[in-house]
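Peer 1: Quick note on numbering: UniProt numbering labels position 101 of the sequence shown as 101, and the sequence is numbered without any gaps.
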Amino acid sequence: MVTFLYISVDLGLPPTSTHTPTRTTTKTSTTTATPSTTTTLMSDGCETADVMLVMDSSGGVMKENWYKVLHFANRIVSQFDVSPQAVHIGVITYASHAEISLSLGKHDTKNDVSDAIDVIPFMGGATNTHSGFLMMRAHFSSIGRPNVRKIAILITDGQTAMPNLAIQQASYARSEGIQLYVAGVDKHFDYSEAARMVSDKNRIIQIETFKDMVSPILNYEFAVKEKICGEDDINTSSSLSWSCDFEDDAQPICDMIQDTNTDQFDWTRQSGRTRSGFTGPNKAYTGKHYIYIEASDPRKSGDEAIISLPVFNVEGRHCLSFAYNMYGFHIQTLEIRKKTHSGSLVPLWLLTGEQGKAWETTEISVSLQKQDQIMIIAKRGDGYSGDIAIDNIHINGGQCLGEKGSADITPTNKSPSNLYRDGSGFMTYTALSVLLLVLINFV
Ligand SMILES: [Ca+2]
Ligand SMILES: [Ca+2]
Numbered sequence: 001m002v003t004f005l006y007i008s009v010d011l012g013l014p015p016t017s018t019h020t021p022t023r024t025t026t027k028t029s030t031t032t033a034t035p036s037t038t039t040t041l042m043s044d045g046c047e048t049a050d051v052m053l054v055m056d057s058s059g060g061v062m063k064e065n066w067y068k069v070l071h072f073a074n075r076i077v078s079q080f081d082v083s084p085q086a087v088h089i090g091v092i093t094y095a096s097h098a099e100i101s102l103s104l105g106k107h108d109t110k111n112d113v114s115d116a117i118d119v120i121p122f123m124g125g126a127t128n129t130h131s132g133f134l135m136m137r138a139h140f141s142s143i144g145r146p147n148v149r150k151i152a153i154l155i156t157d158g159q160t161a162m163p164n165l166a167i168q169q170a171s172y173a174r175s176e177g178i179q180l181y182v183a184g185v186d187k188h189f190d191y192s193e194a195a196r197m198v199s200d201k202n203r204i205i206q207i208e209t210f211k212d213m214v215s216p217i218l219n220y221e222f223a224v225k226e227k228i229c230g231e232d233d234i235n236t237s238s239s240l241s242w243s244c245d246f247e248d249d250a251q252p253i254c255d256m257i258q259d260t261n262t263d264q265f266d267w268t269r270q271s272g273r274t275r276s277g278f279t280g281p282n283k284a285y286t287g288k289h290y291i292y293i294e295a296s297d298p299r300k301s302g303d304e305a306i307i308s309l310p311v312f313n314v315e316g317r318h319c320l321s322f323a324y325n326m327y328g329f330h331i332q333t334l335e336i337r338k339k340t341h342s343g344s345l346v347p348l349w350l351l352t353g354e355q356g357k358a359w360e361t362t363e364i365s366v367s368l369q370k371q372d373q374i375m376i377i378a379k380r381g382d383g384y385s386g387d388i389a390i391d392n393i394h395i396n397g398g399q400c401l402g403e404k405g406s407a408d409i410t411p412t413n414k415s416p417s418n419l420y421r422d423g424s425g426f427m428t429y430t431a432l433s434v435l436l437l438v439l440i441n442f443v
């Protein structure tokens, strides 16, 4: 029997306004104290929230990794106060098509949610991330609680089948007040695509391998929680202002600390180019000196060098920025982690593979508790052409500059209106998807 149901979702129409109720607006409202109706509803806190996990179950993930994805999903759930009054959890699973694996708020306790997640079957098929997003938006719209923060976390290994559609759906989701985060795993994860889905690159969590996702040492679920819930410490920070440009001969690595226990080698201070050709920078980013990992003999694949910033004993939101050079055939990984007072490792940032000949810069939002320490880890790849360098490290109290001014990134290839103008087929496609969703879920 086919029942006709009307879902009041704007499933295809382009947002009418270019201004969307995102965290940027919220921040403005907290500082200027002129909240509009929309912004007051969008609390950055995590006590009450509707959280949807959107999980990629495509063939690329592979069945043997699926249980790791489920385990990771449960580790994320463990970070929230699941109850009827506080946090509701829902799960969308997708591959060629999307399914509601767990209705938002269906279960009242973490244990029940966890049991439901444990038995979600692997799908296999194409990576139609846009279908997952479409279903997520429809689900939020139909049973999301009004006036409650809406959070969607995409867990994917990347390579979306139709990137433009996925980016467009992400943009619609954001315009509907859904705060989107992406946890990307494995080497095929497309960072630049994810960056176009989220409003701020700090909402991307990169995970090197499926194994790391469930590592007993690395706590990616803390990183996810920090990115989502740390937003409520946005107005707390310190007057910390620390930097190191490696120029002082008396204190060549400032007060940074080389690891001597858990890694295989040390960072080297250098001026000019590095020892091997076709890898490493030609000169420092600032001044004459920088530090780098020398990938030549005797280094082996997987060797790590860890250097830490001092313990600053400060609390709240801080911004870490630095320049990095990752040039060479065998470039492996540069990573930033936070070691907490309890010894837990929280991954904050990760970059894998060659990034070009030039120095690049980045800034990372970091939420600090007293005793927390920031670690910089470089891993050597499969050959000598893998020198990784850093320079001009800064950490300051407060938000990152990019965050302060960040607006949602609109899709750059095609604006939604353009897609409509030149793609009548897309309209049909969207309409069909909606009909399909209605039939699959409500009949
Ligand atoms: Ca060392
Ligand atoms: Ca320098």
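Cβ coordinates follow ideal geometry from the N, Cα and C atoms, glycine included.
Source: prediction; values computed, not measured.
#1: Taking the alpha-carbon of C254 as reference, which of R174, L240, V119, L309 has the nearest alpha-carbon?
#2: Counting pairs of Cβ atoms below 8 angstroms between the segment 376 to 385 and the segment 327 to 343, do you hit three or more?
#3: Along the chain, where does the beta strand (DSSP E) that runs through L334 open and close?
#4: Inspect the beta-carbon positions of R149 and Q169 and report whether they are closer than 8 angstroms.
#5: Considering only heavy atoms of ligand 2, list every residue whose Cβ is less than 7 angstroms from one of them, following chain order.
#6: Identify every residue that forms a DSSP beta bridge with S367.
#7: With hydrogens ignored, establish whether the beta-carbon of A305 is closer than 7 angstroms to any heavy atom of ligand 1.
#8: Do the CB positions of N392 and A305 come within less than 8 angstroms of each other?
#9: For E176 versus R137, is the C-beta distance shorter than 8 angstroms?
#10: Going by other Cβ atoms of all chains shown within 10 Å of its Cβ, with 16 needed for buried, is T430 buried or exposed?
#11: Short of 7 angstroms in beta carbon distance, which residues of its chain neighbour F210, apart from the five on each side in sequence? Order them along the chain.
#12: Go ahead and pull the three-state DSSP assignment for T160.
#13: Looking at the strands, I want to know which residues DSSP matches up with C269.
#14: Note down the Cα distance separating F80 from A49, rounded to an integer number of angstroms.
#15: With a CB to CB cut of under 7 angstroms and the five nearest residues on each side skipped, what residues in its chain are close to P347?
#16: Closer than 8 angstroms by C-beta to H188: which residues in its own chain qualify, once you throw out the five before and the five after it? Chain order, please.
#17: By the three-class DSSP mapping on this structure, what secondary structure does S237 have?
#18: Within the present structure, is the beta-carbon of D108 separated from the nearest heavy atom of ligand 1 by less than 7 angstroms?
#19: Just mark H341 as buried or exposed, buried being the case when its beta carbon has 16 or more other beta carbons within 10 Å.
#20: Which term fits D249, buried or exposed, when burial requires 16 or more other beta carbons within 10 angstroms of its beta carbon?
#21: Roughly how many angstroms lie between the CA atoms of Q371 and K339, to the nearest whole one?
Peer 2: On the basis of the supplied data:
#1: Minimum Cα distance to C254 is reached at L309.
#2: At 8 angstroms Cβ cutoff, the stretches touch.
#3: Taken as a continuous stretch (DSSP letters only), the beta strand (DSSP E) holding L334 covers 331 to 339.
#4: A distance of 8 angstroms or more separates the beta carbons of R149 and Q169.
#5: Residue selection by CB proximity (closer than 7 angstroms to any heavy atom of ligand 2) returns D245, F246, E247, A284, Y285, T286, G287, K288, H289, Y290, D391, N392 in chain order.
#6: According to DSSP, S367 bridges with R317.
#7: At least one heavy atom of ligand 1 sits closer than 7 angstroms to the Cβ of A305.
#8: The answer is no: Cβ separation not under 8 angstroms.
#9: Judged by their CB atoms, E176 and R137 are nearer to each other than the 8 angstroms cut-off.
#10: Note on T430: pLDDT 46, under 50, position unreliable in the model; the coordinate value appears next. Flag for T430 reads buried.
#11: Correct list, in chain order: N65, K68, V185, D186.
#12: Coil, per DSSP.
#13: The residue asked about is misnamed: residue 269 is Arg in this sequence, not Cys. Under DSSP, R269 shares a beta bridge with I291.
#14: About 9 angstroms.
#15: In chain order, L218, Y220, A223, E335, R337 place their CB closer than 7 angstroms to the CB of P347, counting only its own chain and leaving out the 5 sequence neighbours on each side.
#16: Closer than 8 angstroms at Cβ, skipping near neighbours: G60, D157, G158, Q159.
#17: Looking at S237 - three-state DSSP - the assignment turns out to be coil, as it is neither helix nor strand.
#18: For D108, the shortest C-beta to heavy atom distance toward ligand 1 is 7 angstroms or greater.
#19: Exposed.
#20: The residue is exposed, with fewer than 16 neighbouring Cβ atoms inside 10 Å.
#21: When only Cα atoms are considered, Q371 and K339 end up about 8 angstroms apart.
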